[in-house]
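*Asks:*
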Amino acid sequence: SRDKKKIAWTMKVKGRGCDFDITSSCNRSETGGWKIYSAERFYYEPLVYNVKCFDGTLTFSTHNTFKYNNPYPGKATWIAPDGTLLAFNPFSWNAFWRTTEITLFSRSTTFYPHSTLTVTNKVGQTRNVDVECSI
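Have a look at this one:
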């Protein structure tokens, strides 16, 4: 996750660089330096943000742990502190790491000001988020 800020991968390059290279790949840039195309991001758990809860409706934005070329299955579970299942929703993350917007509707007639949202992907990577609700 973003808060762990652990480096997943690094690369050190040694060599002469573009100042001495006359190939077209180095000539593409006017400012010089190295280029990376389509750098990938990898996270330990799904990203969950913009969590909002009002009057029994929970909305949030999410991304899977890394980019897939196709929709990818996930599930959202909303649980009250006493273990009551407020909502469960299998969903698919959008392809190419586009934001996926999810809305859950509480099954309970009891209001819970505090609860937990759990988002899980196909391989079991899970993100738990504390939820504050209002009426």
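For what it's worth, the working numbering labels the leading residue of the sequence shown as 9, then goes sequentially.
By construction, the Cβ of each residue, glycine as well, lies at the ideal position given by its N, Cα and C atoms.
DSSP beta-bridge partners for Leu94?
*Replies:* In the sequence shown, counting from the first residue as 1, residue 94 sits at position 86. Looking at the DSSP assignment, Leu94 forms no beta bridge with any residue, so it has no partner.
*Asks:* Have a look at Thr128 and Met19 and give me their C-alpha separation to the nearest angstrom.
*Replies:* Here the question's residue 128 lines up with position 120 in the sequence shown. Here the question's residue 19 lines up with position 11 in the sequence shown. If I take the Cα positions, the gap works out to 30 Å.
*Asks:* Less than 8 Å between C-beta atoms, sequence neighbours within five positions excluded: which residues of the same chain meet that for Ser9?
*Replies:* As a working note, residue 9 is residue 1 in the sequence shown. Note that Ser9 scores 47 on pLDDT, short of 50, meaning its location in the model is unreliable and no value can be drawn from it.
*Asks:* Using 8 Å for Cβ pairs, my map puts Ala103 next to Asn78. What's the rounded Cβ distance?
*Replies:* Counting from 1 along the sequence shown, the entry for residue 103 is found at position 95. Counting from 1 along the sequence shown, the entry for residue 78 is found at position 70. Confirmed, about 5 Å.
*Asks:* State the start and end residues of the unbroken beta strand (DSSP E) segment that holds Tyr57.
*Replies:* Here residue 57 corresponds to residue number 49 of the sequence shown, with the count starting at 1. Taken as a continuous stretch (DSSP letters only), the beta strand (DSSP E) holding Tyr57 covers Leu55 to Phe62.
*Asks:* Go to Arg135, then tell me how far its beta strand (DSSP E) extends in each direction, as first and last residue.
*Replies:* Sequence index remark: in the sequence shown, residue 135 carries index 127 (1-based). Element bounds for Arg135: Thr134 to Glu140.
*Asks:* I need the straight-line Cα distance from Asn97 to Ala47, nearest angstrom please.
*Replies:* Against the sequence shown, residue 97 aligns to sequence position 89. Against the sequence shown, residue 47 aligns to sequence position 39. Cα to Cα, Asn97 sits roughly 31 Å from Ala47.
*Asks:* Within the same chain, show all residues whose beta-carbon is closer than 8 Å to that of Thr118, passing over the 5 residues directly before and after it, in chain order.
*Replies:* Along the sequence shown, one-based indexing puts residue 118 at 110. Closer than 8 Å at Cβ, skipping near neighbours: Ala88 and Thr92.
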